[in-house]
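Have a look at the structure below before the remarks.
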Amino acid sequence: MKAEKRYRFIVHGVLILLSGVFLIPIIITVSNSFMSPFEIINRYSSTLTASNSFNAKGVMHFVQMSLIPSFVSFKQYFKLLFENPLYLGLFWNSVKITLPIVAGQLLVSVPGAYAFEQSKFKYKEAVFFIYIVVMLMPLQVVLVPNYIIADFLQIKGSYLAIILPGIFSPFGVFLIRQYLKGMPKEYIEAAKVDGAGHFTIIAQIIQPMIKSAIAALVILTFVEYWNLVDQAIVFIQDVNAEPLSAYLSRFAEGGGLDMVFAASCFYMLPTVLIFLYGQENIVEGIHLSGMK
Amino acid sequence: MGPSVMTKKSVLKKFFKKEETVLMLFALPGLLGLLAFYVIPFLISFYFTLINNNVAKNFVGLHNFSELLSNEAFLLGLKNTAIFMAICVPVNMIFPLAVAMLLNKTVRMKSLFCLIFLLPLVIPSGSVAHFWKSIFGLNGVINGAFFAGAPVNWLDTQWCRSLITTIFIWKNAGYNIVLFLAGLQAIPKEYYEYAAVEGANALNKFFRITLVYIIPTTFLVFIMSVINSFKSFKEIYLICGAYPHQSIYMLQHYMNNQFSALNYQKLASAAYVLSIFIIALVFLFYRIQYKQAKNF
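If you want it as structure tokens, here you go:
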């Protein structure tokens, strides 16, 4: 029994250590967002300044990373939100791209998945196969048809070129259908016997039962498009129209070094909140899409 | 509904007919969108692979493909993407499996650990880009600690591939950990108990029970890892910039150049080559899995 205990202790130790390693980039980013802009410049600038040269080695100043700020300050956030209009503009661009996609995915996926699950159409699996093939294709491939159709519709420069393919991405239908497959058919049959129509069935039976599926879809879609980079490079030429996800990495070079951590944190906040709020759903969503 | 059997039947028949119509209407918007934005333009783009350019539109057969397959930039991108995948996919399977097995041994805090490992997945790549640059960049922590005399930007050396892989695993391992954990938890505990009674050691149990029973999960994890490995471009672009070291010049870099040059011929050919590559890979693995499943 003693060996068992020690074994368990080691397992937990390894896991805690690993969790620490996984969390460090996030923790540092968060804690450093509470440093004053002055402290950030001192710690992160490569050029020597009057106040950081004491720990310079050779010709350049190296990053002095620290978990804890010397002084806790909200100045980074203040600068970011009230003194630099570019930042909020780019943040708003991300919102304008992501929210329509999430809403559209839901509207298209839930009825679509329901239809695929309920239909007795002979070739429905063959049609569904198209969804799976498209889903397996990497972004590098699907961007080409996305681009061609955007060019044809003359929406290449607008967010629609990103939003419309996002709405019709096959992932939602696939995920929701996986959930529906695991649902007992009796409920739907019973409702049908009672004379309920499809709208009633979706609204009263399906929707409450697949709440967690919907939550998982919302979270996964939101996270995916909140982090979009590739499409922005292809479709958006104007820097001011870029989503922040694509610009964030150039923030420091663009004169925003003193508030880069606050910008990073502020941008991750929506996804982290949504993740913590729907944590069980996302785990369940991944489980279920894995269980088949 | 009418009292006689006949009318009841015909009403039911009508109902079913109507039911199918309603269902079709449900599926139609999504299906049309999928066809319009993905399938049809992709099929049409095959035409672009067969012509010389968008103005003259002369038929050139497979010339675009042969040119593509001798294009150095494309081949470099293809090679790097394949190498990245060959490293990333196994690592992104073995490491999560190991973590999932550890998690499966713990009693408490399973879901807390899962959450922690999943957290990087939801963090936008750009949000931690500056952290990674501060570690590996020219004036980064690594140089400050060990190479202050002759600092190197590690993100611009042959090391960048390993660094990007590490960052990629950091971000994507959680997904596979959760999948593997689900697979492991589905194995009945009795199997291990019988095996213990029969005198099997840990290694035996792992190869004879664990590995065998998580094959369906492994199949899924493999597919997801292959798909996800293409997403590495995001990390590369955000951390190493638009013009990275040539060992991480990916297919997407090549494609981006063709997008900005509006070269439909090269874009379409590359998309076709890539999709054939993916389909072949998935098909191959599906066959292997099918054969494995038959052995039960």
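Each protein sequence line maps, in turn, to chains A and B.
Going by this note's numbering, the first sequence opens with residue 1039, and the numbers climb by one from there.
Going by this note's numbering, the second sequence opens with residue 3, and the numbers climb by one from there.
Every residue, glycine too, gets a C-beta built ideally from N, C-alpha and C.
Status (buried if at least 16 other CB within 10 Å, exposed otherwise) for residue i
i, result
"S72/B", "exposed"
"M226/B", "buried"
"V57/B", "exposed"
"P5/B", "Confidence in P5/B is poor, its pLDDT being 49 and thus under 50, which makes the residue's placement unreliable; the coordinate value appears in the next sentence. The residue is exposed, with fewer than 16 neighbouring Cβ atoms inside 10 Å."
"L34/B", "exposed"
"L253/B", "buried"
"I1054/A", "exposed"
"P190/B", "exposed"
"E1227/A", "exposed"
"V1133/A", "exposed"
"F133/B", "buried"
"M3/B", "Since pLDDT at M3/B reaches only 42, below the 50 mark, its modelled position is unreliable, and the value read off the structure follows with that caveat. Exposed: under 16 other Cβ atoms inside 10 Å."
"I1048/A", "exposed"
"K1249/A", "exposed"
"Q1331/A", "Any answer about residue 1331/A is impossible in this case: the structure gives chain A only from 1039 up to 1330."
"L77/B", "exposed"
"S2/B", "The displayed coordinates of chain B run from 3 to 298. Any statement about residue 2/B would go beyond what the structure contains."
"K293/B", "exposed"
"L1307/A", "exposed"
"A282/B", "exposed"
"K1330/A", "With a pLDDT of 41 at K1330/A, under the threshold of 50, the modelled position of this residue cannot be trusted; read the value that follows with caution. K1330/A should be labelled exposed."
"V1146/A", "buried"
"A1188/A", "buried"
"S1104/A", "exposed"
"E1318/A", "exposed"
"P1203/A", "buried"
Contact under 8 Å by Cβ, residue i with residue j
i, j, result
"T108/B", "H1050/A", "yes"
"I1135/A", "I1201/A", "yes"
"N51/B", "S271/B", "A quick correction: the sequence has Thr, not Asn, at residue 51/B. Yes, the pair counts as a contact, with Cβ atoms nearer than the cut-off."
"F1304/A", "V1211/A", "no"
"Y1045/A", "A1301/A", "no"
"F224/B", "V143/B", "no"
"V130/B", "I1064/A", "yes"
"G232/B", "L1177/A", "Before going on, a small fix: residue 232/B reads as Phe here, not Gly. It is a contact, given that the beta carbons lie within the stated cut-off."
"G1220/A", "A29/B", "no"
"M1175/A", "I280/B", "yes"
"G1373/A", "I1257/A", "Because chain A in this structure spans residues 1039 to 1330, residue 1373/A falls outside the shown range and cannot be described."
"T1259/A", "I1139/A", "yes"
"F1060/A", "W172/B", "yes"
"L1332/A", "I1252/A", "Summary: the structure shown does not reach residue 1332/A, with chain A confined to residues 1039 through 1330, and so no result is reported for it."
"F170/B", "S234/B", "yes"
"N141/B", "M1247/A", "no"
"S1272/A", "Y1197/A", "For the sequence presented, residue 1272/A should be read as Val rather than Ser. Going by C-beta atoms, V1272/A is not nearer than 8 Å to Y1197/A."
"N178/B", "L123/B", "no"
"F1100/A", "G151/B", "no"
"Y1152/A", "L1218/A", "yes"
"S136/B", "Y1115/A", "no"
"L25/B", "S1157/A", "yes"
"L99/B", "F115/B", "no"
"A273/B", "V1261/A", "no"
"A1199/A", "I1205/A", "no"
"I1243/A", "V1148/A", "no"
"S127/B", "L240/B", "yes"
The ligand GDP heavy atom lying under 7 Å from the CB of residue i
i, result
"Y40/B", "You won't find the ligand GDP in this model; it holds no ligand whatsoever."
Within the chosen definition, does the segment 43-57 of chain B reach the segment 212-223 of chain B through at least 3 CB pairs nearer than 8 Å?
-> no
Anything in the segment 1264-1284 of chain A with a Cβ closer than 8 Å to a Cβ of chain B? List those residues in chain order, please.
-> W1264, N1265, V1267, D1268, I1271, V1272, L1282, S1283 and A1284
Contained alpha helix (DSSP H) runs [length at least 4] in the segment 1102-1188 of chain A, N- to C-terminal order | 1113-1116, 1123-1156 and 1162-1174
Kindly provide the ranges of any beta strand (DSSP E) runs that are 3 or more residues long and lie completely inside the segment 1232-1318 of chain A, ordered along the chain.
-> none
Below 8 Å, can you find three or more Cβ-Cβ pairs linking the segment 91-98 of chain B to the segment 168-184 of chain B?
-> yes
May I ask you to list, following chain order, the residues of the segment 149-174 of chain B that have a beta carbon less than 8 Å from some beta carbon of chain A?
-> A150, G151, P153 and W172
Interfacial residues, the segment 246-263 of chain B to chain A, with Cβ spacing under 7 Å | L253, Q254, M257, N258 and F261
Any residues in the segment 30-51 of chain B with a beta carbon nearer than 9 Å to a beta carbon of chain A? Which ones, in chain order?
-> Residues L30, P31, G32, L33, L34, G35, L36, L37, A38, F39, Y40, V41, I42, P43, F44, L45, I46, S47 and F50.
How about the segment 1256-1267 of chain A and the segment 1277-1295 of chain A: do they share at least three Cβ pairs that are nearer than 8 Å?
-> yes
Scan the segment 1206-1224 of chain A for residues whose Cβ lies nearer than 9 Å to a Cβ of chain B and list them as they occur along the chain.
-> F1206, S1207, P1208, G1210 and V1211
Taking contact to mean at least 3 C-beta pairs separated by less than 8 Å, is the segment 108-120 of chain B in contact with the segment 149-164 of chain B?
-> no
Could you tell me which uninterrupted alpha helix (DSSP H) segments, each at least 4 residues in length, are contained entirely in the segment 103-185 of chain B, listed from first to last along the chain?
-> 112-124, 127-138 and 143-148
Going along the segment 103-123 of chain B in order, which residues come within less than 9 Å of chain A, judged by CB to CB distance?
-> Hits within the stretch, in order: L104, L105, K107, T108, V109, R110, M111, S113, L114, F115, C116, L117, I118, F119, L120, L121, P122 and L123.
Are the segment 257-271 of chain B and the segment 283-295 of chain B touching by the rule of at least three beta carbon pairs closer than 8 Å?
-> no
Taking three-plus beta-carbon pairs below 8 Å as touching, is the segment 1068-1088 of chain A in contact with the segment 1290-1298 of chain A?
-> With a cut-off of 8 Å, the segment 1290-1298 of chain A and the segment 1068-1088 of chain A count as touching, because enough Cβ pairs lie within range.
Check each residue of the segment 64-85 of chain B: if its Cβ is closer than 9 Å to any Cβ of chain A, include it; give the result in chain order.
-> T83
Chain B contacts made by the segment 1180-1191 of chain A, where a contact means CB separation under 8 Å = V1180, L1181, V1182, P1183, N1184, Y1185, I1186, I1187 and F1190
If you measure beta-carbon to beta-carbon, which residues of the segment 1312-1324 of chain A are closer than 9 Å to chain B?
-> Listed in sequence order: I1312, F1313, L1314, Q1317, E1318, I1320, V1321 and I1324.
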